[in-house]
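In this note's numbering, the protein residues as written are 848 to 986.
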Amino acid sequence: MTILLLVIFAFFIFTMFRRNKKAQAQQAQMQSKFVPGVEVMTSFGLFGRIVSFDDVENKVVLELSPGTTATVHRQAVSKIVEPTETPADEESTGATTEPTLGSTHSPSADHVADKPATPESQLNETPEQTLRRLEGEGK
């Protein structure tokens, strides 16, 4: 019985060390990708672009917005943000995600798919015209 308990205890210790080693390897692999210009997210949710980093003091300087920088500990950077497709990329590929007039379903408008499309005359009306239209509809 004692041998069985020791084996179970040794198994738990082995898995714990293995998990820690794996996490350290992933962290080291991510930190090896740190180069100026890479967009990252910190462990506390701050997004920025790496301006510089200091290996000796474990500091990373992030540019949060143009002209605004923050210095954080190297371990605070938790993930590298992959670039997403921008509207300029969509134009070059010919893809569109904006709903067209008269359509009731589009990829970007799944949450409003049950609403009818807005007639073009309502898009150009003044606030006074909108109030009159809504009063006439009984709303």
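Glycine is no exception: its CB is placed at the ideal position from the N, C-alpha and C atoms.
Query: Phe900 - partner residues in DSSP beta bridges; Result: Val907
Query: Same chain, Cβ closer than 7 Å to Val898, five either side skipped, listed in chain order; Result: Pro883, Val908, Leu909, Glu910, Thr916
Query: With 16 other Cβ atoms within 10 Å as the buried cut-off, status of Val854; Result: exposed
Query: Bridge-paired residues (DSSP) for Val887; Result: Gly895, Ile927
Query: Ser912 - partner residues in DSSP beta bridges; Result: Thr915
Query: Range of the contiguous alpha helix (DSSP H) that encloses Lys869; Result: 849-878
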